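I have placed the structure first, in the form of structure tokens, so that the comments after it can refer back to it.
In the numbering used here, the protein residues as written are 2 to 136.
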């Protein structure tokens, strides 16, 4: 699904990929989707016979980078729940690149992503040394 819709995984899951640790686990899954495939992606994750995410309309998205929203990097965020009640935030980019919202993160630790063909760390030297720059 991620490949089909040109999406990437970022946030704490991507950070945990680069800095695996038993001392913490990601709190949710953040999937960044291009503007033009967002609606189809959301429909498919709710209709998929194997996944069946349910949209959570009761809980607003917390922690959305206000900078990303304010400067137009993010159009929308929808929160879903897996059958085991894990949170999945699907973030709609303001353009056809799923990576654009990553520019609005408040720290370099989160400027990483995973895609079907690999993974990227925007600031490998400080990140892999467990250091970060903060806005």
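Just so it is clear, CB atoms sit at the ideal spot from N, CA and C, and this is done for glycine as well.
Because the structure is a prediction, the values reported are computed rather than measured.
Counting along the chain, no beta strand (DSSP E) covers residue 15; the unbroken alpha helix (DSSP H) around it starts and ends at 13-19. The C-alpha of residue 96 lies about 22 Å from the C-alpha of residue 109.
Cβ-Cβ distances below 8 Å link residue 41 to 6 in the same chain, with the five nearest sequence neighbours on each side left out; the list follows chain order.
A Cβ-Cβ separation of about 11 Å leaves residue 92 out of contact with residue 29 under the 8 Å criterion. By the Cβ rule, the stretch 71-81 does not count as touching the stretch 13-20, because fewer than three pairs are nearer than 8 Å. Cβ neighbours of residue 102 within its own chain (closer than 7 Å, five residues either side excluded): 33, 69, 74, 75, 92, 94.
For the 8 Å CB-CB criterion, residue 127 and residue 133 form a contact.
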